[in-house]
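The sequence shown finishes on residue 928 if you use this note's numbering, and the numbering steps up by one all the way, no holes.
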Amino acid sequence: MLMKPSLETLTAEISCSIFDLTTQLYPAYFLPLASLGNLTKAVARGLKDPSFRVIQNHFAISGNLGEVAAKEEVWEVVAQLVGLAFGILILDTPGLVKSYPVISLTWLSMRLLHLWLRYESLSVLQFNTINLKRARILVKSHVLHSIVPGCVDCNREENILCWSQFMKPKIIFGLPLEKMDGVTRSHFVVKELLKLYANEKHILIVNQQEEGLEFYVSFKVGAMSISVLRSVWQMFWLSENWDGEVSVCDQLANSLMQLEDRFDDFIQKLKEAGWNAQQINLKVPTEVSIDDINLL
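This is the structure in structure tokens:
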């Protein structure tokens, strides 16, 4: 399963460099700082693998695995030698080796250059699997225009530096019914919700706020990734067609009818656009699951 590691990779590498640099300021804490630095290095190495896919795609024209591996190794060795030569040049320059501000500025410049190159390498990757960010782009296009963008267009539009939690409209997965704002805590209301969502493996609730709509989703026992995708489709339809003067229940019911009528078309157009509809990387929260049989 290959995902864009974006923020996780960059954060791990920045933390690693900070720990390494701090050991010079606090030599008494060398051991714990060095240990933390090595730990973050290991995390960064484990997360950075997708960036090597750029090199692989670039050199894999012949399809020769040995040739691709050899060229990757050559590029890595060349980069290491250039880095070592630059480090030796700095250390061999009088006055620089003892100037902590100069070393810090050099480190910061190199780290920013490295992060920029890493960002550029990650931004050109093309994925045909569906994560939450891509699902938002695909669903919105289908809800508004009844079309699904291809892998190239969707990957180009995806912002790898933006956290999904801060995207609009806001949706929170795995929230229990009793913690959802705007939901009356009564057995009757819960029973009506279960009846409304009898044919779905999710329950979506809308919370109207001054800054916009918020969507909460609980999942039933047996929910799968496709259930998450269906809830995202329903969310976007409600977000684009919301009418504050119509009752919430009526709009939820209408959105479910639209979901039933149009979701199969959405899946079909995903396949036609080159997406792997069998590889949906949308995790179902396992902390809270609703057993509608026991509740009824």
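Cβ atoms here follow ideal geometry from the backbone N, Cα and C, with glycine treated the same way. Note that the structure is predicted; figures quoted are calculated from it, not measured.
Range of the contiguous alpha helix (DSSP H) that encloses residue i
| i | result |
| --- | --- |
| residue 770 | 764 to 777 |
| residue 931 | Only positions 633 to 928 of the chain appear in this structure, which leaves residue 931 out of reach. |
| residue 873 | 857 to 873 |
| residue 790 | Counting along the chain, residue 790 falls outside any alpha helix (DSSP H), and DSSP gives it neither H nor E. |
Distance between residue j and residue i (C-alpha atoms, nearest Å)
| i | j | result |
| --- | --- | --- |
| residue 910 | residue 739 | 44 Å |
| residue 746 | residue 753 | 11 Å |
| residue 866 | residue 829 | 12 Å |
| residue 846 | residue 759 | 29 Å |
| residue 834 | residue 716 | 55 Å |
| residue 694 | residue 801 | Its pLDDT being 46, under 50, residue 694 is placed unreliably by the model, and nothing is read from it. |
| residue 916 | residue 744 | 36 Å |
| residue 881 | residue 798 | 27 Å |
| residue 907 | residue 901 | 9 Å |
| residue 755 | residue 721 | 32 Å |
| residue 733 | residue 788 | 39 Å |
| residue 905 | residue 777 | 15 Å |
| residue 883 | residue 841 | 16 Å |
| residue 832 | residue 879 | 21 Å |
| residue 664 | residue 893 | 58 Å |
| residue 895 | residue 751 | 34 Å |
| residue 757 | residue 827 | 43 Å |
| residue 783 | residue 735 | 43 Å |
| residue 714 | residue 848 | 51 Å |
| residue 885 | residue 903 | 28 Å |
Three-state secondary structure (DSSP) of residue i
| i | result |
| --- | --- |
| residue 836 | strand |
| residue 650 | helix |
| residue 798 | helix |
| residue 718 | helix |
| residue 975 | Lying before the first or after the last residue shown, residue 975 is absent from the chain, which here runs from 633 to 928. |
| residue 758 | coil |
| residue 841 | strand |
Closest Cα partner of residue i within the set the options
| i | options | result |
| --- | --- | --- |
| residue 775 | 734, 887 and 830 | 887 |
| residue 839 | 876, 852 and 784 | 876 |
| residue 856 | 874, 918 and 750 | 918 |
| residue 850 | 751, 804 and 883 | 804 |
| residue 807 | 779, 826, 832 and 837 | 837 |
| residue 650 | 737, 713, 809 and 719 | 737 |
| residue 941 | 844, 897 and 885 | With the chain covering 633 to 928 only, the question about residue 941 has no answer from this structure. |
Opening and closing residue of the beta strand (DSSP E) in which residue i lies
| i | result |
| --- | --- |
| residue 846 | 844 to 852 |
Cut-off 7 Å between Cβ atoms - residues of its own chain near residue i, not counting five sequence neighbours on either side
| i | result |
| --- | --- |
| residue 766 | 786 and 790 |
| residue 764 | 796 and 914 |
| residue 912 | 762, 857, 858 and 861 |
| residue 773 | 779, 780 and 781 |
Beta-carbon contacts of residue i that lie in its chain and below 6 Å, excluding the five residues immediately before and after
| i | result |
| --- | --- |
| residue 869 | 775, 887 and 890 |
| residue 864 | 767 and 771 |
Below-8 Å beta-carbon distance, residue i vs any chain D residue
| i | result |
| --- | --- |
| residue 765 | Annotation note: the requested chain D is absent from the structure, which comprises a single protein chain. |
Residues near residue i in its chain [Cβ-Cβ closer than 8 Å; skip 5 each side]
| i | result |
| --- | --- |
| residue 769 | 781, 786, 789 and 790 |
| residue 899 | 909 |
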